[in-house]
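A short worksheet on the structure shown next.
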């Protein structure tokens, strides 16, 4: 195959990947986009093997079949509730693959030009820290590690010192000559693995969506740099697409949470900030504090007729959150929505961009329950309509509906865009308890006159609501 032909086909495959990402912008075409992207990646592998004349290497085909089978089995075995962990693992595997390519270039070739040497060293560093960071993220998401931030004494100082040491090692790979290259390569790999772990352990569970998005971007960056090292334009292009799209998503999610990526990676999580923020700010007790006696109410503070509220409503909005994911209540949410629609109600879902533990977490869970795509509404689209909404049903969401984000200056969530559910005529909250969310900020929404609390497991609460509608009984709280 000529070089020109290789470049032209590569260009077409890269365009296919980009077009696949474009199709994934809409739920109706997301499956087609995902399939198109997968086929283009497969085509890229075969094209590369053909260009380098290794199509007849049986070991490569065996490896591809094994990898494909593992992926297929995972697609059948992994439940939607475990999707964040799987995404973290896949990000890590991408970084690991790039670092292995870079490692082989650095230690497997005696003669490597300066550009390839620098690119390989950088790919090794980025790939290794992506791998270790993703493994820690997956462990936190799967609750093998504590989801709260783990911060050691002088954490930031140690980070900076290790980063400086890593930069020194990268220079030494370039300047140290062939005799010491293997030693410095091993040190770069070990140091990068340490950095990935040390950065990620200080990220709390609620910041994981942004962290996973960033790690996804880094896996693409590592692939692109590895492509530069081996002079493969196809790998550079596709890695660049993944890196750019992941970085863009990271920026969007940071804005949605009113967070800076430097604060997240620097350990300035909402939990560690909270004590200082509360000491340094004048926060309205009306917005943040409710009495201990109210917190200890067994079944909420109001006696409301849930049946009459729902039966008299015409426009109902459901707000899913991480509590729905923990209880795996998405199917009950769908059943309740269908019951309400059967009563002639208009039902929509309000999706906050950072609800859950990965980008699009709520969308994935609701898709598993076969919720119609057209009922899913993004925050900016549905916020203006809450004033005309009769009932909002909050299922396991807290910080993303906390009105203190607009008034509680100095707190971690101040300025964070939220779903304006408090503007609805009535709100039914199905949360496990009245405790603050991950931010640690009390939710004044729970004390509003038009709010009914149903405390307990989301599945049990939703079952009570459906039983209430079936039996025409209103006392739930």
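In full-length UniProt numbering, the protein residues as written are 1 to 477.
The C-beta atom is built at its ideal place from N, Cα and C for all residues, glycine as well.
>> Going residue by residue through the region 367-438, where are the continuous alpha helix (DSSP H) segments of at least 4 residues, counting only ones entirely within it?
In response: 379-382
> Which residues bound the alpha helix (DSSP H) around residue 255?
Replying inline: 233-257
>> Assuming the contact rule is C-beta atoms closer than 8 Å, residue 444 and residue 404 should be a hit. Round their C-beta distance to whole Å, please.
In response: 6 Å
> Touching or not, the region 117-133 and the region 243-254, by the rule of three or more beta carbon pairs under 8 Å?
Replying inline: no
>> Suppose contacts are defined by Cβ-Cβ distances below 9 Å. Is residue 423 in contact with residue 389 by that definition?
In response: yes
> Would residue 231 be called buried (16 or more neighbouring beta carbons within 10 Å of its own) or exposed?
Replying inline: exposed
> residue 125 and residue 175 look like a contact to me (Cβ under 8 Å); what is the Cβ gap, rounded to whole Å?
Replying inline: No, residue 125 and residue 175 are not in contact; Cβ-Cβ is about 16 Å, not under 8 Å.
> So the beta strand (DSSP E) residue 315 belongs to, where does it begin and stop?
Replying inline: 315-320
>> What ranges does the alpha helix (DSSP H) occupy inside the region 26-94, keeping only unbroken runs of at least 4 residues that lie completely in it?
In response: 27-51, 58-77
> Any idea what DSSP makes of residue 350, helix, strand or coil?
Replying inline: strand
>> So, at 6 Å on beta carbons, what are the nonlocal neighbours of residue 99 in its own chain, with the 5 sequence-adjacent residues on each side left out?
In response: 124, 127, 128
> Does DSSP put residue 364 in a helix, a strand or coil?
Replying inline: helix
>> Check for me: the alpha helix (DSSP H) holding residue 152 runs from which residue to which?
In response: Here residue 152 belongs to no alpha helix (DSSP H), and DSSP marks it neither H nor E.
> For residue 160, does the count of other Cβ atoms within 10 angstroms reach 16, so buried, or fall short, so exposed?
Replying inline: exposed
> From 412, 382, 387, 201, pick the residue whose C-alpha is nearest to that of residue 437; which is it?
Replying inline: 412
>> Rounded to the nearest angstrom, what separates residue 393 and residue 24 at their Cα positions?
In response: 28 Å
> In chain order, what residues of the same chain have a beta carbon less than 6 Å from the beta carbon of residue 354, not counting five sequence neighbours either side?
Replying inline: 209, 253, 256, 257
> What is the residue span of the beta strand (DSSP E) that residue 453 lies within?
Replying inline: 451-453
> If you count every other CB in all the chains shown that lies within 10 Å of the CB of residue 134, and 16 or more means buried, which is it?
Replying inline: buried
> Does the Cβ of residue 180 have 16 or more other Cβ atoms within 10 Å, making it buried, or fewer, making it exposed?
Replying inline: exposed
> Which whole-angstrom value is the C-beta distance of residue 324 and residue 376, which I expect to be below 8 Å?
Replying inline: No, residue 324 and residue 376 are not in contact; Cβ-Cβ is about 14 Å, not under 8 Å.
>> Nearest by alpha-carbon distance to residue 223: which of 237, 395, 173 is it?
In response: 237
> Is the Cβ-Cβ distance between residue 320 and residue 351 less than 9 Å?
Replying inline: yes
> Is it a yes or a no for the region 456-472 touching the region 424-432, going by three-plus beta-carbon pairs under 8 Å?
Replying inline: yes
> Assuming residue 200 contacts residue 211 under a Cβ cut-off of 8 Å, what Cβ separation, rounded to an integer in Å, is found between them?
Replying inline: 7 Å
> How big is the Cα-Cα spacing for residue 162 and residue 1?
Replying inline: 45 Å
> So does the region 63-70 actually touch the region 79-92, counting three or more Cβ pairs closer than 8 Å?
Replying inline: no
> Any heavy atom of the ligand ZN within a distance shorter than 8 Å of the CB on residue 409?
Replying inline: No copy of the ligand ZN appears in this structure; indeed no ligand is present at all.
>> Can you give me the C-alpha to C-alpha distance between residue 371 and residue 81, rounded to a whole angstrom?
In response: 16 Å
> What are the boundary residues of the alpha helix (DSSP H) that residue 446 is part of?
Replying inline: Looking at the DSSP string, residue 446 is not in any alpha helix (DSSP H), and its letter there is neither H nor E.
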